Amino acid sequence: MTQEEFDQFYAACAGRLVGHLYAMTGDLAEAEDVVQEAFVKAWSRRESLAKTGRPEAWIRTVAWRLAVSRWRRGRRAIAAYQRHGVPADIPAPSPDFTALVAALRDLTDDQRRAIVLHHLVDLSIAQVAEETGCPTGTVKARLSRGRAALARALAVDEDEPAEDDAEREGSCA
Amino acid sequence: MPEPIDSRLARLAEHGRRSARIPAASEIRERGARRRRQRFAAISATAALTVVAGAAAALGGVDALGGQRDARLVAPGTPPAVTQTPDPSPTPSPTRSPARPSAQSPTQSPTTSATSRPIRSSNATPQATPTVTKPAPPPTPADVTRLPDDFAFPEESTQWPERTRFEEFSVTSTRDMDTEWDLDPCSPTAYPTDALRTDFYEATLSGPEHTEVRQVAVYPSAADAHEVMAGFRRVLAACATSNHVEGSQARYQTAELRLGDDALATSQTLYQDFSGENEPPRWAPALGGSYGAVIRVGNAVHLAANYAEWTPQSPVDDRGAKEVRRAAAGTADALCLFNGSCS
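One line per chain: the protein sequences are D and X, in this order. Numbered per the numbering used here, the first sequence spans residues 1 to 173. Numbered per the numbering used here, the second sequence spans residues 1001 to 1343.
Next up, the structure:
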């Protein structure tokens, strides 16, 4: 990946990926930081990135894994603070967003990731399975349970999860 | 009617996108480039060049410039169980960098001694007493114990000047007698025989993705130089698999070379633990490794090593292995003054 290609890729995807990670983590500053870190890694290892054939998915996955790494959580916050200073000009989220973020945070990390990938990134279930390294049945279960939980929290009509889906949810990636 | 989840999520993400502070791409690239330089500097500093371990019994050899000729790869230790997962899925790049061991002084207690049976690292496999391939030469004082004042490695006047035309490459050199061998499998590794050095020279070509190190040391006698080679074999037999830092490991393959009076080839591959929290280790090759060649000519010992973003498979047949072997052979010619087999 050349410098020009990287810059174009970054310009096209960075903001969108922050949006995805914001929905996945419920924390905008954290989303900014893990996406930046993922892009830094990408440039640092650009040969690997080029080989993936799906650079945006690579960035999103790296950023997600950074975000869920509890080990890094404290250090990342400090690093973000040092780089950015006190966040001052972020528009305050509306009450609607606040409710959605709160509802998302009540999901498990895996459910939230599946929900975002399927409903926001518009990946098919098979694609979500590929990106998360899980069987499609597990993805379906996570989606089903996650949607049901969100529906309850946000008063959205949503069918209860099918029993077989619910049974298959587990940790796989 | 409540808004569907899809559109709520889309509005949330759009809010994030619009609110996000996105640094300039140049800043991201700068950080990435710095990370890359640090990674390779670390690899270069700590990556140990594997010299033959064990080397027991009648190993064959490899011609300097030719291909393999009844050469036998030497696995100094049985590698730990490795799951080499050719995982095409996105994987976060580990950023842990092995730290360069502290400089060693003669007064330090060596972790591993080149003149005594080394202490095995925790994951090294027990070895039979290593047998050095070549018999020791008589301890007769050498005629020449100093490098010429203008000594330089052949590549310093051939390939390297061309490469340094690119600003990211630089060449440094030193004649500091205390410079460590760029061969540190046990991290740290001490070579007490080096206290006998009568001269030393090192030149390094450094770039963000590629580093070449050339070292030569001179000793009072060919027997002393022979002992240095034996020390390399011992420490690498003991520390064939090195844990540099948590989650990072260096593994080596070695082979004998038919060069000079005694020579070894090595490849080092870095492994990384890609497992998640609370998961069993999942070792897989990481990006980065080295090829090396060590050659003795009379009372001089020369080490050539190249580091880059490659995953060495063979210390003999890989292109990188042949390149470093060719470099060592070129230097061997320049070491004829030390009364050894130089070409």
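Positions of the beta carbon are idealized from the N, C-alpha and C atoms, including for glycine. If you're wondering where the values come from, they're calculated on a predicted model, not measured in any experiment.
A check of alpha carbon separations from residue 1253 of chain X across X/1298, X/1200, X/1228 and X/1311 identifies X/1311 as the nearest. The secondary-structure analysis by DSSP pairs residue 1273 of chain X across a beta bridge with X/1283. Between the region 1177-1189 of chain X and the region 1258-1265 of chain X, the count of Cβ pairs shorter than 8 angstroms is below three; the stretches do not touch.
Around residue 1178 of chain X, the same chain offers no residue with a beta carbon nearer than 7 angstroms, after the five sequence neighbours per side are excluded. At a Cβ-Cβ threshold of 8 angstroms, residue 1193 of chain X and residue 1228 of chain X count as neighbours.
Remark: C-beta atoms of residue 26 of chain D and residue 105 of chain D approach each other more closely than 8 angstroms. Remark: C-beta atoms of residue 103 of chain D and residue 38 of chain D do not approach each other more closely than 8 angstroms.
Listed in chain order, the beta strand (DSSP E) elements of length 3 or more contained wholly in the region 1186-1230 of chain X are 1199-1206 and 1210-1218. Residue 1254 of chain X sits in a strand when the DSSP states are folded into three classes. Shown here, residue 155 of chain D sits in coil according to DSSP, grouped into three states, outside any helix or strand.
With the rule of 3 Cβ pairs closer than 8 angstroms, the region 1155-1166 of chain X does not count as touching the region 1216-1230 of chain X.
In this structure residue 40 of chain D is in contact with residue 1031 of chain X, their Cβ atoms being roughly 5 angstroms apart against a cut-off of 8 angstroms.
Between the beta-carbon of residue 1274 of chain X and that of residue 1214 of chain X there is about 34 angstroms, and that puts the pair past the 8 angstroms contact cut. For the 8 angstroms CB-CB criterion, residue 1297 of chain X and residue 1330 of chain X do not form a contact. When secondary structure is reduced to three states using DSSP, residue 1022 of chain X falls in the coil class, being assigned neither helix nor strand.
Within a 10 Å sphere around the beta-carbon of residue 1139 of chain X sit fewer than 16 other beta-carbons, which makes this residue exposed. Around the Cβ of residue 47 of chain D, a 10 Å sphere holds fewer than 16 other Cβ atoms; the residue is exposed.
Of D/119, D/130 and D/123, the smallest CA-CA separation from residue 1004 of chain X is found for D/119. Under the 10 Å beta carbon count, residue 98 of chain D is surrounded by fewer than 16 other beta carbons and is classified as exposed. Looking from the CA of residue 1147 of chain X, the closest CA among X/1136, X/1176 and X/1200 belongs to X/1200. Scanning chain D for C-beta atoms nearer than 7 angstroms to the C-beta of residue 1006 of chain X yields 119, reported in chain order.
The C-beta separation of residue 1300 of chain X from residue 1225 of chain X comes to about 6 angstroms, placing the pair in contact by the 8 angstroms criterion. The beta carbon of residue 23 of chain D lies closer than 6 angstroms to those of 116 and 120 in the same chain, with the five residues before and after it left out.
Shown here, residue 1313 of chain X sits in coil according to DSSP, grouped into three states, outside any helix or strand.
The Cβ atoms of residue 1171 of chain X and residue 1338 of chain X lie no closer than 8 angstroms to each other.
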